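Asker: These protein sequence lines map, in sequence, to chains A and B. When we follow my numbering, the leftmost residue of the first sequence carries the number 274, and every step to the right adds one. When we follow my numbering, the leftmost residue of the second sequence carries the number 3, and every step to the right adds one. Even glycine gets a Cβ: it sits at the ideal position worked out from N, Cα and C. Treat the numbers as computed from the prediction; the structure is a model and nothing was measured. Pasting a structure here, questions to come.
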Amino acid sequence: MALKFNPITYQSHKLPSFALPPMASLRSPKFFMASTLRSGSKEVDNLKKPFMPPREVHVQVTHSMPPQNIEIFKSLEDWAENNILTYLKPVEKCWQPHDFLPDPTSDGFYEQVKELRERAKEIPDDYFVVLVGDMITEEALPTYQTMLNTLDGVCDETGASLTSWAIWTRAWTAEENRHGDLLNKYLYLSGRVDMRQIEKTIQYLIGSGMDPRTENNPYLGFIYTSFQERATFISHGNTARLAKELGDIKLAQICGNIASDEKRHETAYTKIVEKLFEIDPDGTVLAFADMMRKKISMPAHLMYDGQDDNLFDNFSAVAQRLGVYTARDYADILEFLVNKWKVTEITGLSAEGRKAQDYVCGLASRIRRLEERAQGRAKQAPKVPFSWIFDREVHL
Amino acid sequence: MASSTGLSLKFSPLSTSFKQNKVLLRGICNVNSVSLPSRGMRLGSLRLRVSCAAKPETVDKVCSIVRKQLALPKDSPVTGESKFSALGADSLDTVEIVMGLEEEFGISVEEESAQHILTVQDAADLIEKLVEQKSA
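Here is the structure:
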């Protein structure tokens, strides 16, 4: 069918394609309303306000975890120290962006830069669109650290708290920080992209933030991060593979190193959720189903560059076409997590828990089926300009 | 324009009188002209429709596809007026329902049209329109 089921964009600022009532009507009035849609309405098109990036359309729910569950996380601090912090790499052993970029202190600096730019010339615009989108996502790191620090029971209360959870969050952030830095410098030196537009997009994105609908609830939060880390692992893995195919081995190494960090982070987050399944299988399976029903929204879904109201949708369409991150990947990640957490084997669930279990276990194949249908009827996609590449056009 | 009466048999208190009046109403698409004393143009919750409402069989088929998709118990009411969302359909269910309808009726639903499907009746009407276009 011509219907495009795109779980990646599904939870974007636009209401889903099939007329659903606004989520507000399905929630009780005690939850406060999210801001209204940005300039989707045609009437205000000509009266564009100066600051018009997209906003979350769903009602923003807070503190949905019962407060007594905070105890669970307090009691897991020692366990986390011994089982989760071990996934952090000591700083002395970590790669730094410097290791993969031309060295300004070396005599060969100009030559290294020239070489980098020559390799970059061979890389097509659509690849750069995806790489830029990924880089912008990484650069919005403040939003993600914030998100982790909204989670009850595991947040860093002072900014230097010594709980295992806080130590994890800060160190995770520090590791992630190198990703944006490295990609930024690479793109800057490449000369293939409009850095000013990219920088603007980053400023808008950090300003917009995001609500992944984790409701200050660490069950939801860690399920979300498990999914996301795997998604970034797959996505950077694919950009690495493509870079290699396009003849840029250094870029392939860059993306590959980022991917392996993400893999390590994925392992840590999935281990936390595995522990939660052990301690509270019913609560955790309900949380898993809840996140999947709400759909895992991509961190940069509110991205805006000052001119394209469909920037995220356009970027994800290109990422889908290039095979960097697709609806199939979404289904695969879900299936991976269902298997990793052995969701099919859980017993002793409540009636609601069993429903959640069925939903989650059956979901991946439903998504795959829809995706097959959509692919089968895919129409020729239009070309759209991206300000990140000086308004050059790329096929969606 | 289809000449079906588009009567939905769910209006049970009226259905007996409808059946009797079916002959008279043939050719009239909009049931609003059935004389309900002093009810004006609106027949209960039936919206004023510009195009003809779908045949009951179509509505029934849609209802059964919806029931199956949402695994609804046999006694739960599903009618033309039922909103998908009220029946518990999430966005994924709705996409699958539309897919099921495409398969059942051999049609292809465009995304823009799908956006306007809020109720079973909407789906049935769209189906009939597309089926007619197909055979035209």
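1) Cutting at 7 angstroms between CB atoms, please list the residues of its own chain near S660(A), excluding the five before and the five after it.
2) Of all the residues that make up the region 625-653 of chain A, which are near chain B by a beta-carbon distance shorter than 7 angstroms?
3) Cβ closer than 7 angstroms: which chain B residues qualify as neighbours of R443(A)?
4) Give me the chain B residues within the contact set of R566(A), using Cβ-Cβ distance strictly less than 8 angstroms, ordered along the chain.
5) Thinking C-alpha only, which one of D407(A), V386(A), A629(A), W352(A) is nearest L584(A)?
6) If we require 4 or more residues per run, which alpha helix (DSSP H) segments fall completely within the region 427-483 of chain A?
7) Note down, in chain order, each residue of its chain lying with its Cβ closer than 7 angstroms to the Cβ of S499(A), except the 5 sequence neighbours on either side.
8) What residues in its chain sit with their C-beta under 6 angstroms from that of H118(B), if we drop five residues either side in the sequence?
9) Using a Cβ distance threshold of 8 angstroms, determine whether the region 488-497 of chain A contacts the region 440-450 of chain A, with at least three qualifying pairs required.
10) Helix, strand or coil for P294(A), going by three-state DSSP, please let me know.
11) So F86(B) and L128(B) are in contact, right, with Cβ under 8 angstroms, and what is the actual spacing, rounded?
12) Taking only beta-carbon atoms, is V133(B) less than 7 angstroms away from chain A?
13) Consider the Cβ of L68(B): report whether some Cβ of chain A lies at a distance smaller than 7 angstroms.
14) Comparing the C-beta of V97(B) with each C-beta of chain A, is any distance below 7 angstroms?
15) According to DSSP, is T416(A) helix, strand or coil?
16) Run the CB neighbour count on S78(B), radius 10 Å, all protein chains shown included, and call it buried at 16 or more, exposed below.
17) If you draw a straight line from the alpha carbon of M420(A) to that of G453(A), how long is it in whole angstroms?
18) Counting only beta-carbon separations shorter than 7 angstroms, does I569(A) have a partner in chain B?
19) Is P658(A) helix, strand or coil when you go by DSSP?
20) For F663(A), which residues in the same chain have their Cβ closer than 6 angstroms to its Cβ, ignoring the five residues on either side in sequence?
21) Whole angstroms are fine: how far does the CA of I527(A) sit from the CA of S137(B)?
22) Spatial neighbours of R665(A) within its chain, please: CB distance less than 8 angstroms, with the 5 preceding and 5 following residues excluded, ordered by chain position.
23) So, are the CB atoms of F495(A) and G426(A) less than 7 angstroms apart?
24) With distance defined between alpha-carbon atoms, name the residue in E391(A), S533(A), A600(A) nearest to R639(A).
25) Note down the Cα distance separating H668(A) from T617(A), rounded to an integer number of angstroms.
26) Taking contact to mean at least 3 C-beta pairs separated by less than 8 angstroms, is the region 429-442 of chain A in contact with the region 509-529 of chain A?
27) Measure the C-alpha to C-alpha separation of M43(B) and K63(B) and round it to an integer number of angstroms.
28) Of the choices Q123(B), S110(B), E83(B), whose alpha-carbon is the least far from that of L135(B)?
29) First and last residue of the alpha helix (DSSP H) that includes R650(A)?
30) Secondary structure at L26(B), three-state DSSP: helix, strand or coil?
31) Would the region 470-482 of chain A count as touching the region 550-563 of chain A if we require 3 or more Cβ pairs under 8 angstroms?
32) Following the continuous alpha helix (DSSP H) through V591(A), name the residue where it begins and the one where it ends.
33) Is Q470(A) close to chain C, meaning its C-beta is less than 7 angstroms from at least one C-beta of that chain?
Answerer: Straight from the coordinates:
1) Once the five neighbours on either side are set aside, the close Cβ partners of S660(A) are D467, Q470, D578, Q580, D581.
2) Residues passing the 7 angstroms Cβ filter: R639, L643, R646.
3) Simply none; closest approach about 37 angstroms.
4) Simply D92.
5) Here the closest residue by C-alpha is D407(A).
6) Counting whole runs of 4 or more residues, the region 427-483 of chain A contains the alpha helix (DSSP H) stretches 437-463, 468-481.
7) Same-chain partners within the cutoff: E539, Y542, T543, V546, L610.
8) Within the same chain, no residue comes within 6 angstroms of H118(B) by CB-CB distance, once the 5 residues on both sides are set aside.
9) No, the region 488-497 of chain A does not touch the region 440-450 of chain A.
10) For P294(A), the predicted model reports a pLDDT of 30, less than 50, meaning its position is unreliable; a value from the coordinates is still stated below. P294(A): coil per DSSP, three-state reduction.
11) Rounded, the Cβ-Cβ distance is 13 angstroms, inconsistent with contact.
12) Residue contact with chain A for V133(B): absent (no Cβ-Cβ distance below 7 angstroms to any residue of chain A).
13) According to the sequence shown, residue 68(B) is Val rather than Leu. Interface annotation, V68(B): not in contact with chain A, CB-CB separation never under 7 angstroms.
14) By this cut-off, V97(B) is an interface position.
15) Assignment of T416(A) by DSSP, reduced to helix, strand and coil, places it in the helix class.
16) Label assigned to S78(B): exposed.
17) Looking at the two C-alpha atoms, the distance is approximately 18 angstroms.
18) It does not: the Cβ of I569(A) has no partner Cβ on chain B nearer than 7 angstroms.
19) In this structure, P658(A) counts as strand in the three-state DSSP scheme.
20) Hits under 6 angstroms: D467.
21) About 57 angstroms.
22) Beyond the five residues adjoining it in sequence on each side, R665(A) comes within less than 8 angstroms, by CB distance, of D398, P658, F659 in the same chain, given in chain order.
23) F495(A) places its beta carbon 7 angstroms or farther from that of G426(A).
24) Answer by Cα proximity: A600(A).
25) The straight-line gap from Cα to Cα measures roughly 40 angstroms.
26) No, the region 429-442 of chain A is not in contact with the region 509-529 of chain A.
27) In this prediction, M43(B) has a pLDDT of 45, which is less than 50 and means its spatial position is unreliable; what the coordinates show is noted afterwards. One C-alpha to the other measures close to 28 angstroms.
28) Residue identity differs from the one stated: residue 135(B) is Gln in this sequence, not Leu. The closest CA to that of Q135(B), considering only Q123(B), S110(B), E83(B), is found on S110(B).
29) Per DSSP, R650(A) is not a residue of any alpha helix (DSSP H), being assigned neither H nor E.
30) For L26(B), the predicted structure reports a pLDDT of 41, less than 50, and the residue's modelled location is therefore unreliable. The matter cannot be settled from this model.
31) A contact between stretches requires three or more CB pairs, one per stretch, nearer than 8 angstroms, and the region 470-482 of chain A fails this requirement with the region 550-563 of chain A.
32) Its alpha helix (DSSP H) spans residues 584-594.
33) No chain C appears in the structure shown, which is made up of the protein chains A and B.
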